[in-house]
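Student:
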Amino acid sequence: MSNRPFAAIGATGILVLILVAVVGGYFCYANCRIEVPSSSMGILIKKTGKDLENEQEIAPDDSYKGVQINVLAEGRHFYNPWEWDWEVVPQIEIPQDKLGVRIRLYGDDLAYGEFIAWKANQKGIVPEILRPGRYPINARITGQPERRDHHYAEYIELHRPIVITAGFRGVVTNLSGPMPKDPNVLLVQPGERGTQEETFDAGTHYVNPYTTRINLIDCRSQRFNLSMDGDMGFPSKDGFWVTLDGIIEYRVRPEYASKVLVIYNETSNDRDMDANVTQEIVNKIILPNARSFCRLRGSDHSGQDFITGDTRSKFQEDFQRELQSTCDSQGVQIIQALITRINPPQKIAEPVRQREIAQQRKKQFEREILQQTSEQQLAVGQEMVKRKQELVDTERSVVKVTTEAKRRQEVAVIEAEQRLKVAELELQAARDMAEAARALGEADAKVIEFDNQAEASGWKKAISAFGGDGDEYAQWTMLKKLAPSFRQMMVNTADSPLMEIFRRYQSGAGARPAERLGKPTESETPPAPAVTSPSGTAVAPGNSVSTANDN
C-alpha cells in the first residue's frame with residue numbers, strides 16, 4: 010500500500026521528463042540548427058563575452074563579442090541562439106581571368122614604412138594571392154555591393170594576372186622585402202627588394218601587384234633603318250662626304266633582359282606593365298656604335314673606294330662583325346647588319362661608276378665565255394656519256410650475240426659429235442654388215458663355185474660319155490627335158506616329121522663321137538643314154554616310143 014504513490018509519481022515524472030526532452034530537442038533542432046548550403050558559408054557573431062577595444066574590428070577569438078574570424082563551412086551546425094547570431098552568405102568567388110589580393114582588417118598594426126602583412130596576426134595587405142575559385146572567407150570584393158550587416162574581416166581586390174606572350178620575358182622587381190646587402194649593384198639577390206636577374210618565361214603568372222612588379226621586355230627580332238634620322242654619314246679620306254643606308258636586325262638577349270631594363274629603360278617608356286625599351290636600345294646602343302664605326306673606318310678610305318665592289322664588300326663585312334661584337338656585350342644581339350646603299354660624292358661617282366660598269370661587264374663576258382665553255386664541255390661530256398652508253402649497249406649486244414652463237418655452236422658441235430658418233434657406229438655396223446655380207450657372199454660364191462665345179466665335173470663326165478662332144482650332150486640334155494612332155498609316142502612313126510628330129514641323132518649316135526675325136530675305140534664309147542619315158546621305162550635310142558603329153 011505504501012509503494013503505490015511513489016510508483017505513480019515515478020511514472021508521471023518519467024512522462025514529464027520524456028516530454029521535456031522531446032520539447033527541448035525540437036526547440037534545439039528548430040532554433041539552434043544552422044544549415045549552410047553548397048557554395049555558401051556561415052558568419053558567426055558572438056552576443057556575449059568581452060567587449061572589443063576601439064582599434065579592433067573583428068573579435069580575436071570566441072571569448073570576445075562581435076564578428077568572429079572563423080566561418081562555418083558547408084553542412085549542418087548547432088549553436089546556442091542566446092549566445093550566437095549568424096548569417097549565411099555566398100562564398101567569395103574569384104573569376105577565371107582574375108586574381109584576388111587580400112587586405113586584412115584585423116590584427117596588429119604594421120611597423121613604420123611597412124605595408125605588407127607578412128605575419129598572420131598583422132593588419133594590412135596579405136602577400137599570398139587568391140587564384141580563380143571559391144573561398145570561405147568573410148570578405149568583401151571591392152567594386153561589388155556590400156552586405157547589409159557590413160560584418161567583414163577582409164577586403165579583396167581583383168587584379169588581372171600577368172600574361173607573358175611568346176617572344177617576351179618578364180623582368181621581376183620585388184617592391185617589398187629586405188633591402189639588398191649590396192646597394193651598389195644593378196640586380197639584387199633573390200628575395201631582396203629590387204630587380205631580380207632571373208626572369209619569367211612566357212605564360213600566365215599570378216603575382217601580387219603590391220609585392221611584385223613585372224615589366225615585359227620584347228626579345229623578338231626587330232629591324233631598324235639607319236637612314237631614319239637622316240644623319241648616317243661620314244667624311245672620306247679625301248674630304249668627300251659619304252652617306253649610307255642600311256638595315257639592322259637585332260633583338261634583346263633573353264638572359265640580359267633584366268640588365269637592359271635597368272640600364273637603358275626610362276620611366277616615360279612604361280605603359281602599364283610593358284617597358285618599351287626598343288627606342289632606347291636604338292638611341293643608346295645601335296646608333297652610337299654604328300656612327301662610331303662608320304666615322305672611324307670610313308675615314309680610312311677615299312670616296313672612290315666606296316664605288317668599287319671590293320671595298321664596299323669589305324666595309325659591309327667589317328661593319329656587321331664590329332657591330333655584333335660591340336652590341337653583344339651590352340645585351341643586344343645583332344642578327345644582321347646590312348648596308349643597302351652607299352652614296353659617294355657625285356663628282357667622282359659617275360666616271361668611277363662607268364669604269365666599274367665596264368669592269369663588271371668584262372667580268373660578265375668572261376663569266377659568259379666560261380659558262381659557254383662549261384656548256385660546251387658539258388655537251389661533250391653528255392655526248393661522250395651517250396657514246397659510252399651506246400658502246401656499252403653495243404658491246405652488250407655483241408656479247409649477247411657472241412654468247413648465243415657460241416651456245417648454238419656448242420649445241421651444234423654436240424649434235425654433230427652425236428651424229429658423228431652415230432655415223433661411226435652406223436659405219437662400223439655397215440662395215441660389219443658388209444663384212445658379213447662379203448663373208449656370206451664369199452661363202453655363197455664358194456658354194457656356187459663348188460656347186461658349179463661339181464656340176465661342171467658332172468657335165469665334164471657326162472660330156473666325156475659322149476666322146477667329149479658338147480653338142481651331143483646338149484642335144485641329149487634337150488631331149489631329156491622334152492621327153493617328159495609327151496605321154497607316149499607311136500611306135501610306127503617313121504614317117505612322122507617329129508621323129509625326124511630323133512633320126513638324125515639315131516644314125517650316127519655311136520660313131521660320130523669316135524670319128525670326130527678319133528681317140529676312143531668302139532669298146533670305149535659309152536652306150537647311148539637311154540631315154541626315160543614318162544612312165545619310167547628306158548627307151549633305147551632309135552626306137553619309137555609313143556607317149557602322151559600331160560599338158
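Numbering (this note's numbering), first residue to last: 10 to 560.
Where is the CB? At the ideal position from N, CA and C, for every residue including glycine.
According to the Cβ coordinates, are ARG113 and VAL98 closer than 9 Å?
Tutor: By 1-based counting over the sequence shown, the position of residue 113 is 104. By 1-based counting over the sequence shown, the position of residue 98 is 89. Going by C-beta atoms, ARG113 is not nearer than 9 Å to VAL98.
Student: Suppose the cutoff is 7 Å on Cβ atoms and the five residues either side in sequence are ignored; what does the same chain contact list for ASP118 look like?
Tutor: Position 109 of the sequence shown, counting from 1, holds the residue named residue 118. Short of 7 Å from the beta carbon of ASP118, and not among the five residues preceding or following it, lie these beta carbons of its own chain, in chain order: LYS132.
Student: Have a look at ILE165 and SER48 and give me their C-alpha separation to the nearest angstrom.
Tutor: Position 156 of the sequence shown holds residue 165. Position 39 of the sequence shown holds residue 48. Cα-Cα distance, rounded: 18 Å.
Student: Specify, as a first and last residue, the run of the beta strand (DSSP E) that ILE165 falls within.
Tutor: Start at 1 with the first residue of the sequence shown, and residue 165 comes out as number 156. Start and end: 163–168.
Student: Helix, strand or coil for SER230 per DSSP?
Tutor: Within the sequence shown, numbered from 1, the residue matching residue 230 stands at position 221. If DSSP states are grouped into helix, strand and coil, SER230 belongs with coil.
Student: To which residues does DSSP link GLU258 through a beta bridge?
Tutor: Taking the sequence shown and counting its residues from 1, one reaches residue 258 at position 249. GLU258 pairs with ARG232 and GLN345.
Student: Using C-beta distances below 6 Å, list every residue in its chain close to TYR215, excluding the 5 sequence neighbours before and after it, in chain order.
Tutor: Here residue 215 refers to the residue found at position 206 when the sequence shown is read from its first residue. Leaving aside the five residues that flank TYR215 on each side, the residues in its chain whose CB is nearer than 6 Å to its CB run, in chain order, LEU108, ILE138, ARG140 and PRO170.
Student: So, is PRO187 buried or exposed, given that buried needs 16 or more other C-beta atoms within 10 angstroms?
Tutor: Counted from its first residue, the sequence shown places residue 187 at position 178. Classified as exposed, PRO187 has fewer than 16 neighbouring CB atoms from the shown chains inside 10 Å of its CB.
Student: Label ILE27 either buried or exposed according to how many other C-beta atoms from any shown protein chain fall within 10 Å of its C-beta, with 16 as the threshold for buried.
Tutor: Translated into the one-based positions of the sequence shown, residue 27 becomes position 18. ILE27 comes out exposed.
Student: Could you check whether ASP254 and THR320 sit closer than 9 Å to each other, using their CB atoms as the reference points?
Tutor: Taking the sequence shown and counting its residues from 1, the one referred to as residue 320 is at position 311. Taking the sequence shown and counting its residues from 1, the one referred to as residue 254 is at position 245. Contact flag unset, no.
Student: Quick one: using the 10 Å Cβ neighbour count with 16 as the cut-off for buried, is GLY22 buried or exposed?
Tutor: Within the sequence shown, numbered from 1, the residue matching residue 22 stands at position 13. When all chains shown are included, GLY22 counts as exposed.
Student: Does the contact criterion of 3 or more C-beta pairs under 8 Å hold for the segment 222–233 versus the segment 187–199?
Tutor: No, the segment 222–233 is not in contact with the segment 187–199.
Student: Roughly how many angstroms separate the alpha carbons of SER236 and ILE351, rounded to a whole number?
Tutor: Here residue 236 is taken as the residue at index 227 of the sequence shown, counted from 1. Here residue 351 is taken as the residue at index 342 of the sequence shown, counted from 1. Approximately 11 Å between the Cα atoms of the pair.
Student: Does the separation of the CB atoms of ILE52 and VAL76 fall below 9 Å?
Tutor: One-based indexing of the sequence shown puts residue 52 at position 43. One-based indexing of the sequence shown puts residue 76 at position 67. Cβ atoms of ILE52 and VAL76: closer than 9 Å.
Student: Name the residue from ASN298, ILE223 and VAL45 whose alpha carbon lies nearest to the alpha carbon of VAL212.
Tutor: In the sequence shown, the residue the question calls residue 212 occupies position 203. Reading off the sequence, residue 212 comes out as Gly, not Val. It is ILE223.
Student: Thinking C-beta only, is LEU347 closer than 9 Å to GLN325?
Tutor: As a first step, residue 325 must be located in the sequence shown, where it is residue number 316. As a first step, residue 347 must be located in the sequence shown, where it is residue number 338. Yes, they are a contact pair.
Student: Quick one: residues in its chain with C-beta nearer than 6 Å to the C-beta of GLN105, no 5 flanking neighbours on either side, listed in chain order?
Tutor: Numbered from its first residue, the sequence shown carries residue 105 at position 96. The answer, listed in chain order, is PRO141.
Student: Using only CA atoms, which one of SER72, THR182 and GLY152 lies nearest to ALA218?
Tutor: Within the sequence shown, numbered from 1, the residue matching residue 218 stands at position 209. Ala is not the amino acid found at residue 218; the sequence shown has Pro there. Here the closest residue by C-alpha is THR182.
Student: So for ASN130, helix, strand or coil by DSSP?
Tutor: As a working note, residue 130 is residue 121 in the sequence shown. DSSP places ASN130 in coil when its eight states are reduced to three.
Student: Could you say which of ARG304, LYS246, ILE344 and THR252 lies nearest to GLU258 if we only look at CA atoms?
Tutor: Stepping through the sequence shown from its first residue, residue 258 is reached at position 249. GLU258 has its Cα closest to that of ILE344, out of ARG304, LYS246, ILE344 and THR252.
Student: How is GLU102 classed by DSSP in three states: helix, strand or coil?
Tutor: On the sequence shown, position 93 is the one that residue 102 refers to. DSSP, reduced to helix, strand and coil, places GLU102 within a strand of the structure shown.
Student: Report yes if the CB atom of ARG178 is closer than 9 Å to the CB atom of PHE209, and no otherwise.
Tutor: Taking the sequence shown and counting its residues from 1, the one referred to as residue 178 is at position 169. Taking the sequence shown and counting its residues from 1, the one referred to as residue 209 is at position 200. In contact: ARG178 and PHE209 (Cβ atoms closer than 9 Å).
Student: Identify, in the order they occur along the chain, each residue of the same chain with its Cβ nearer than 6 Å to the Cβ of ASP480, setting aside the five sequence neighbours on each side.
Tutor: Mapped onto the sequence shown, residue 480 falls at position 471. Within the same chain, ASP480 has no close Cβ partners at all.
Student: For PRO244, write down the residues that DSSP places opposite it in a beta bridge.
Tutor: Indexing the sequence shown from 1 puts residue 244 at position 235. Answer is TRP250, bridged to PRO244.
Student: Taking buried to mean at least 16 other C-beta atoms within 10 Å of its own C-beta, is VAL197 buried or exposed?
Tutor: For the purposes of this step, residue 197 is taken as residue 188 along the sequence shown, with counting starting at 1. It is buried - the Cβ of VAL197 has at least 16 other Cβ atoms within 10 Å.
Student: If you draw a straight line from the alpha carbon of GLY122 to that of SER185, how long is it in whole angstroms?
Tutor: Sequence index remark: in the sequence shown, residue 122 carries index 113 (1-based). Sequence index remark: in the sequence shown, residue 185 carries index 176 (1-based). Answer to the nearest angstrom: the Cα atoms are 10 Å apart.
Student: Can you tell me where the beta strand (DSSP E) holding GLY51 begins and where it ends?
Tutor: Translated into positions along the sequence shown, residue 51 becomes position 42. Note, GLY51: beta strand (DSSP E), 49–55.
Student: Tell me, please, which residues DSSP counts as bridged to PHE177.
Tutor: Taking the first residue of the sequence shown as position 1, residue 177 is located at position 168. In the DSSP output, where bridge partners are listed per residue, PHE177 has ASP227.
Student: Does the distance from the C-beta atom of ALA162 to that of ALA148 stay below 9 Å?
Tutor: In the sequence shown, counting from the first residue as 1, residue 162 sits at position 153. In the sequence shown, counting from the first residue as 1, residue 148 sits at position 139. Cβ atoms of ALA162 and ALA148: closer than 9 Å.
Student: If we ignore side chains and look at the alpha-carbon of each, how far apart do GLU96 and SER267 end up?
Tutor: Against the sequence shown, residue 96 aligns to sequence position 87. Against the sequence shown, residue 267 aligns to sequence position 258. Roughly 50 Å between the two C-alpha positions.
Student: Nearest to GLN65 by CA position, among ARG143, GLY116 and SER245, is which residue?
Tutor: For this step, residue 65 is matched to residue 56 along the sequence shown. Nearest C-alpha to GLN65: GLY116.
Student: What residues in its chain sit with their C-beta under 7 Å from that of ALA20, if we drop five residues either side in the sequence?
Tutor: If you number the sequence shown from 1, residue 20 lands on position 11. Apart from the 5 residues on each side of it in sequence, ALA20 has no Cβ closer than 7 Å to any other Cβ in its chain.
Student: Assign LEU429 to buried or exposed, taking buried as 16 or more other Cβ atoms, counted over all protein chains shown, within 10 Å of its Cβ.
Tutor: Within the sequence shown, residue 429 is the residue found at index 420, counting from 1. The residue is exposed, with fewer than 16 neighbouring Cβ atoms inside 10 Å.
Student: Cutting at 7 Å between CB atoms, please list the residues of its own chain near GLU44, excluding the five before and the five after it.
Tutor: As a first step, residue 44 must be located in the sequence shown, where it is residue number 35. Answer for GLU44: ARG85, listed in chain order.
Student: Determine the DSSP secondary structure at ALA266, reduced to helix, strand or coil.
Tutor: Reading the sequence shown from its first residue, position 257 is the one you call residue 266. Helix at ALA266.
Student: Comparing alpha-carbon positions, which option in VAL431, GLY248, ARG262 and ALA421 lies nearest THR353?
Tutor: If you number the sequence shown from 1, residue 353 lands on position 344. Looking at the sequence itself, residue 353 is Pro, so the reference to Thr does not match. Among VAL431, GLY248, ARG262 and ALA421, the Cα nearest to that of PRO353 belongs to GLY248.
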